[in-house]
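Each residue of the sequence shown is one higher than the one before, starting from 1 at the first, in UniProt numbering. Cβ coordinates follow ideal geometry from the N, Cα and C atoms, glycine included. Every value quoted in this text rests on a predicted model; they were computed, and no experiment measured them. Everything below concerns the one structure shown next.
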Amino acid sequence: MRSIPYLAAAWCLGYAALALSWAFGAPGFPFGGNDPRGPEMGSWLSGATPGWAGAVLAVACGAGAVAAFAVARGGAAFSAARGGAGRWVAAVLVPVALVLLLIVPDVRVLQNLAYSFSLHFDLVDWPVLNQALCVLGGLLVAGTAIVALRRPPCAECRRPEAVAGERTRWTRIGRWAVVVAIVSQLPYAVQRAAWNLGFPLGVSQQFVDDLANDIVEKGLHPIMMWMLVIPDVFGALLTLGLVMRWGERVPAWVPFLGDRRVPISLAVVPATVVSVAVTVAGLALYRFVWEDGGVEGSAAPALLWLPWGLALATATFAYVMRRRRTCAGHGPAERVPGSQGTNTSSTRPLVT
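This is how it looks when you write it as structure tokens:
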């Protein structure tokens, strides 16, 4: 966490310079007229021009760089040491993160993430790469906001101070969020699987036949039809790991890795990326529904993408809050009853 504010500041400075160059006429502006696929992919910036869009992005990222550097210089105790200044800095960082995570990207982030499992990268171009770059920057800025807002650490062990009942509360929240996330994502896999088997679930038989013929015409192996189903099912299993014991410690029967602690980042990084991609795609779909006045049967399961993304993000945050190592009770703050001499991050079964 210590390096995140510095990385966020460096990213913001670099992208601010890039955006400013677009505002002054430099080539490479990835929105508006330079992105012909933008309107059909739900881009919020499909009508943007280099002048105003470049200037706005430059100002936003410049402000983000200043705020991130302030957090980096203030250290982990930023909010306490500066009389609540962390809240004001977060008020700058959060809007910047939301723009980078929810406004700049569109459906193509999720689309290319899904196609990457089949090593299909033909749709990756500069606008898509720019969106991926902005997602990275948005995550760094959001992480910096969390650093600015978190409670000051213990003076001795530098770990966050434990709060009575916090682990239990986040365990409960995480369970419900995982249930919502899994229930929301499976209808898409069920519909795609039905199409692959020849059943016109929510569509016409002609639609299903055209999909199968398209695979044949492109000379692709029939297994490619399942590359949008398998990752979805596998993702549901990994989501379950956010509340299961094996999501914290590798089962003993696994060769070479059995009984080892699962690094928090190994679960958090992919879950966070997927939650952002799914949320962005869900927002774009609801925008299409608003503009067109309805949705076709082929896109009906995608109406659950927005709750899926939000629930997955909540479950991921709950996983972090539950697993983080907290102070054993020897810091300057009031001790948590029953926490002295123990570490509240010990693993235990969460779902049986």
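Euclidean distance between Cα positions of residue 286 and residue 40: 13 Å
C-beta atoms of residue 184 and residue 307 nearer than 7 Å: Taking the C-beta atoms as reference points, residue 307 is found nearer than 7 Å to residue 184.
Reference residue 110; option with closest CA among 14, 279, 54: 279
When 29, 273, 188 are compared against residue 202, the one with the closest alpha-carbon: Of the candidates 29, 273, 188, the one whose C-alpha sits nearest the C-alpha of residue 202 is 188.
contact_flag[the segment 130-142, the segment 1-16] where n(CB pairs < 8 Å) is 3 or more: yes
Cβ pair residue 45, residue 29 closer than 7 Å: no
Residue 2 - DSSP class collapsed to helix/strand/coil: coil
Whether residue 64 touches residue 94 by CB criterion (7 Å): no
Residue 322 - DSSP class collapsed to helix/strand/coil: helix
Residues that residue 249 bridges to, as DSSP identifies them: 261
The alpha helix (DSSP H) enclosing residue 40, as first and last residue numbers: Here residue 40 belongs to no alpha helix (DSSP H), and DSSP marks it neither H nor E.
Cβ shell of residue 19 (< 7 Å), same chain only, five flanking positions each side left out: 54, 57, 58, 61
Cβ neighbours of residue 277 in the same chain (closer than 6 Å, five flanking residues each side left out): 109, 110, 113
Closest residue to residue 166 among 4, 321, 310, 8 (Cα-Cα distance): 321
Beta-carbon proximity list for residue 81, same chain, < 6 Å, skipping 5 on both sides: Since pLDDT at residue 81 reaches only 46, below the 50 mark, its modelled position is unreliable, and no value is offered.
DSSP state of residue 73 mapped onto helix, strand, coil: helix
Pair within 7 Å by beta-carbon distance, residue 71 and residue 147: yes
Residue range of the alpha helix (DSSP H) that includes residue 134: 126-149
Meets three-Cβ-pair contact criterion under 8 Å: the segment 248-262 and the segment 211-219: no
Other residues of its chain near residue 103: CB distance less than 8 Å, five sequence neighbours each side excluded: 44, 45
Burial state of residue 316, where buried means 16 or more other Cβ atoms lie within 10 Å: buried
Per-residue burial, residue 3 [other beta carbons within 10 Å of its own, 16 or more giving buried]: exposed
DSSP three-state assignment for residue 166, whether helix, strand or coil: helix
Short Cβ contact (7 Å threshold) for residue 284 with residue 107: yes
Test item: CB-CB of residue 326 and residue 172 under 7 Å: no
Counted within 10 angstroms of its Cβ, other Cβ atoms place residue 144 as buried (16 or more) or exposed: buried
Option in 181, 208, 180, 73 with minimal Cα separation from residue 191: The shortest CA-to-CA distance from residue 191 to any of 181, 208, 180, 73 is the one to 208.
Beta-carbon proximity list for residue 34, same chain, < 6 Å, skipping 5 on both sides: none
Alpha helix (DSSP H) segments (min. 4 residues) lying fully within the segment 188-229: 205-217
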